[in-house]
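Colleague: Mind having a look at this structure? Questions to follow.
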Amino acid sequence: MSTTKTERLLEASSVLRRYDDIRELIGSPANPTPLVRVNRIVPGGAFDVYLKLEWFNPFGSVKDRAALYMLEAMQERGGLEDKELVEPTSGNTGIALAALVALVGKKLTVAIPEGVPEEKKTLLRMLGAEVWPTPDDLCPVDHPKDGAIALAHSFVRGEAGKGRYVMPNQYESLENVRAHYETTGPEIWDQTEGQVKFFFAGLGTCGTLTGVGRYLKEQNDDIQIIAIEPQKGHRLPGLKNLEESKPPAILDLSVIDQVIRVDDEPAYAMTKRLFREEGLIVGPSTGAIVHAAREYGQEKDGLAVAISPDSGFKYASFFADVLGDEGKPRV
Numbered sequence: 000m001s002t003t004k005t006e007r008l009l010e011a012s013s014v015l016r017r018y019d020d021i022r023e024l025i026g027s028p029a030n031p032t033p034l035v036r037v038n039r040i041v042p043g044g045a046f047d048v049y050l051k052l053e054w055f056n057p058f059g060s061v062k063d064r065a066a067l068y069m070l071e072a073m074q075e076r077g078g079l080e081d082k083e084l085v086e087p088t089s090g091n092t093g094i095a096l097a098a099l100v101a102l103v104g105k106k107l108t109v110a111i112p113e114g115v116p117e118e119k120k121t122l123l124r125m126l127g128a129e130v131w132p133t134p135d136d137l138c139p140v141d142h143p144k145d146g147a148i149a150l151a152h153s154f155v156r157g158e159a160g161k162g163r164y165v166m167p168n169q170y171e172s173l174e175n176v177r178a179h180y181e182t183t184g185p186e187i188w189d190q191t192e193g194q195v196k197f198f199f200a201g202l203g204t205c206g207t208l209t210g211v212g213r214y215l216k217e218q219n220d221d222i223q224i225i226a227i228e229p230q231k232g233h234r235l236p237g238l239k240n241l242e243e244s245k246p247p248a249i250l251d252l253s254v255i256d257q258v259i260r261v262d263d264e265p266a267y268a269m270t271k272r273l274f275r276e277e278g279l280i281v282g283p284s285t286g287a288i289v290h291a292a293r294e295y296g297q298e299k300d301g302l303a304v305a306i307s308p309d310s311g312f313k314y315a316s317f318f319a320d321v322l323g324d325e326g327k328p329r330v
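Under numbering that gives the first Met the number 0, the residue at position 269 of the sequence shown is numbered 268, and the numbers go up by one with no gaps.
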């Protein structure tokens with residue numbers, strides 16, 4: 000039987016993992032990212048930890064969800080017409096936005112902290128984004144780590160950029176929260192069959208903490224929401240210390256039951272352990288989150304879910320410093 004070129008031979012099927020558009024792979028209750036138990040580092044028993052592997056999103060991180068929601072909302076409002084986008088990012092949101100705006104024929108400029116791994120900057124450029132590495136000291140003294148945010152705002156508000164640029168603004172966009180309230184939270188509730196008692200995520204833009212926290216608290220107010228904060232002067236991309244960075248406008252402190260601070264050294268040590276003992280190629284923020292969960296859970300009972308925001312593939316240059324001479328041949 001002959002067919003014309005306009006006939007579709009294969010229809011999209013989530014059961015067969017066949018899609019018409021890369022955006023359909025972004026996590027949703029119908030297509031959740033995996034939940035994987037941590038078996039050796041947290042051997043379980045009274046306290047079990049499952050990692051929500053957000054790097055299974057198509058652009059490699061938890062930020063795919065917020066980027067999709069923010070961009071779709073801007074399109075619905077007509078906010079993208081004759082505009083270029085600009086966004087401050089530590090890499091992951093920028094990567095997701097760069098991929099998504101490429102699909103609609105738009106341009107993206109990102110302001111990114113100078114200390115972000117080169118791998119992320121390269122990926123952004125490969126996706127067609129214009130990348131502006133930004134020193135921290137562009138910011139006021141009271142928020143010394145917000146240089147990239149200040150630069151992005153200057154694009155939108157400055158005389159040269161007025162009317163040209165529009166910013167999704169992940170730190171203030173309610174769509175960031177809504178993405179996690181409507182997808183990540185319900186996924187966790189369904190995947191744990193309502194048994195989750197503890198939820199761990201890092202302080203970053205705080206869309207994940209706020210959105211998931213609100214959803215889970217509505218299902219069971221006894222669920223504990225634990226935020227992980229790095230120490231000042233840290234080297235954990237994607238996480239923020241709120242003494243040196245302005246608290247994001249979307250942060251809802253009322254859903255957070257406890258904040259745990261983690262130093263770089265135990266965060267990277269735990270990252271290495273997750274590689275070697277669990278076979279999980281995760282980024283350093285996951286190491287910080289799992290370290291906090293392991294310490295917190297020593298005298299707790301119940302099922303915990305911890306966000307694994309991205310994979311370790313974007314951090315090879317950072318890990319080379321962590322490894323030092325380890326593994327090199329002896330002369």
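Glycine included, each C-beta is placed from N, C-alpha and C at the ideal position.
Relative to the C-alpha of LEU96, which residue among PRO132, ILE187, TYR68 is closest?
Modeller: The shortest Cα separation from LEU96 among PRO132, ILE187, TYR68 belongs to TYR68.
Colleague: Would you identify the three-state DSSP class for SER172, choosing helix, strand or coil?
Modeller: Three-state DSSP puts SER172 in coil, outside helix and strand.
Colleague: Just to confirm before moving on: does the CB-CB distance between ALA65 and GLY206 stay below 8 angstroms?
Modeller: Cβ atoms of ALA65 and GLY206: closer than 8 angstroms.
Colleague: Answer with buried or exposed for GLY278, where buried requires no fewer than 16 other C-beta atoms within 10 angstroms of its C-beta.
Modeller: Classification for GLY278: exposed.
Colleague: Can you list, in chain order, the residues of its chain whose CB lies under 7 angstroms from that of LYS231, leaving out five sequence neighbours each side?
Modeller: Closer than 7 angstroms at Cβ, skipping near neighbours: ASN240, GLU242, GLU243.
Colleague: Does ASP324 come out as helix, strand or coil in the three-state DSSP assignment?
Modeller: DSSP places ASP324 in coil when its eight states are reduced to three.
Colleague: The beta strand (DSSP E) that contains SER362, what's its start and end?
Modeller: Here the chain comprises residues numbered 0 to 330, so residue 362 is not present and cannot be evaluated.
Colleague: With burial defined as no fewer than 16 other Cβ atoms inside 10 Å of the residue's Cβ, what is the status of VAL14: buried or exposed?
Modeller: With fewer than 16 Cβ atoms within 10 Å of its Cβ, VAL14 is classed as exposed.
Colleague: Could you check what DSSP says for ASP300 in three-state terms: helix, strand or coil?
Modeller: Reduced to three states, the DSSP call for ASP300 is coil.
Colleague: Leaving out five residues before and five after TYR214 in sequence, what residues of the same chain have Cβ atoms less than 6 angstroms from its Cβ?
Modeller: Counting only Cβ-Cβ distances below 6 angstroms, and skipping sequence neighbours, we find TYR180, GLY184.
Colleague: By the DSSP assignment, the beta strand (DSSP E) with PHE55 in it spans what residues?
Modeller: Looking at the DSSP string, PHE55 is not in any beta strand (DSSP E), and its letter there is neither H nor E.
Colleague: When the Cα atoms are used, what is the spatial distance from GLU192 to LYS216?
Modeller: C-alpha separation (whole angstroms): 15 angstroms.
Colleague: Note the first and the last residue of the continuous beta strand (DSSP E) segment covering LEU107.
Modeller: Run containing LEU107: 107 to 112, per the beta strand (DSSP E) assignment.
Colleague: Please report the straight-line C-alpha distance between ASN175 and PRO57, rounded to a whole angstrom.
Modeller: Roughly 18 angstroms between the two C-alpha positions.
Colleague: Quick one: using the 10 Å Cβ neighbour count with 16 as the cut-off for buried, is PRO134 buried or exposed?
Modeller: PRO134 should be labelled exposed.
Colleague: Going straight from the alpha carbon of GLN297 to that of LEU70, what length do you get?
Modeller: Each residue's Cα considered, the two are about 41 angstroms apart.
Colleague: Measure from the alpha carbon of GLY78 to the alpha carbon of each residue in LYS120, TYR164, PHE154, GLU129, then state which is nearest.
Modeller: Among LYS120, TYR164, PHE154, GLU129, the Cα nearest to that of GLY78 belongs to TYR164.
Colleague: Exposed or buried, THR121, counting other C-beta atoms within 10 Å across all chains shown (16 or more means buried)?
Modeller: Looking at its Cβ environment, which holds fewer than 16 other Cβ atoms inside 10 Å, THR121 is exposed.
Colleague: Could you check the C-alpha separation between ALA268 and ASP63 for me, to the nearest Å?
Modeller: When rounded, the distance between both Cα atoms is 27 angstroms.
Colleague: Is the separation between the beta-carbon of LEU322 and that of PRO283 shorter than 8 angstroms?
Modeller: Result no, Cβ atoms of LEU322 and PRO283 do not sit closer than 8 angstroms.
Colleague: As a quick exercise: from TYR49, GLY90, ASN219, pick the residue whose alpha carbon is nearest that of GLU117.
Modeller: Among TYR49, GLY90, ASN219, the Cα nearest to that of GLU117 belongs to GLY90.
Colleague: Of the residues ASP221, GLY203, ILE187, which one's Cα is nearest the Cα of ALA256?
Modeller: Strictly speaking, residue 256 in this sequence is Asp, with Ala absent from that position. It is ASP221 whose Cα lies nearest to the Cα of ASP256.
Colleague: List the residues that DSSP assigns as beta-bridge partners of PRO229.
Modeller: VAL261.
Colleague: Within a Cβ cutoff of 6 angstroms, which residues of the same chain sit near ALA45, ignoring the five residues on either side of it in sequence?
Modeller: Around ALA45: ASP300.
Colleague: What would DSSP say about ILE249, mapped onto helix, strand or coil?
Modeller: ILE249: coil per DSSP, three-state reduction.
Colleague: Residues in the same chain with beta-carbon distance under 7 angstroms from ALA266, minus the five sequence neighbours each way, listed in chain order, please.
Modeller: Only LEU235, PRO283, GLY286, ALA287, HIS290 meet the Cβ criterion.
Colleague: Count the other CB atoms, across all protein chains shown, that sit within 10 Å of the CB of LEU126; report buried if there are 16 or more and exposed otherwise.
Modeller: The residue is buried, with at least 16 neighbouring Cβ atoms inside 10 Å.
Colleague: Since I believe LYS196 is in contact with GLN223 (beta carbons under 8 angstroms), could you give me their beta-carbon distance rounded to a whole number of angstroms?
Modeller: Contact holds; Cβ gap of about 7 angstroms.
Colleague: Using only CA atoms, which one of ARG124, ASP320, ASP309 lies nearest to GLU264?
Modeller: Cα-wise, what sits closest to GLU264 is ASP320.
Colleague: Please report the straight-line C-alpha distance between VAL258 and VAL35, rounded to a whole angstrom.
Modeller: Approximately 24 angstroms, taken between the alpha carbons.
Colleague: Ignoring anything shorter than 3 residues or poking outside the stretch 7 to 74, list the beta strand (DSSP E) runs there in chain order.
Modeller: If we require 3 residues or more, the beta strand (DSSP E) runs fully inside the stretch 7 to 74 come out as 34 to 36, 46 to 52.
Colleague: Give me the DSSP bridge partner(s) of LEU197.
Modeller: First, the residue type needs correcting, since residue 197 is Phe and not Leu in the sequence shown. In the DSSP output, where bridge partners are listed per residue, PHE197 has GLN223, ALA303.
Colleague: Using the beta-carbon count (16 or more within 10 Å), is LYS161 buried or exposed?
Modeller: Its Cβ having fewer than 16 others within 10 Å, LYS161 is exposed.
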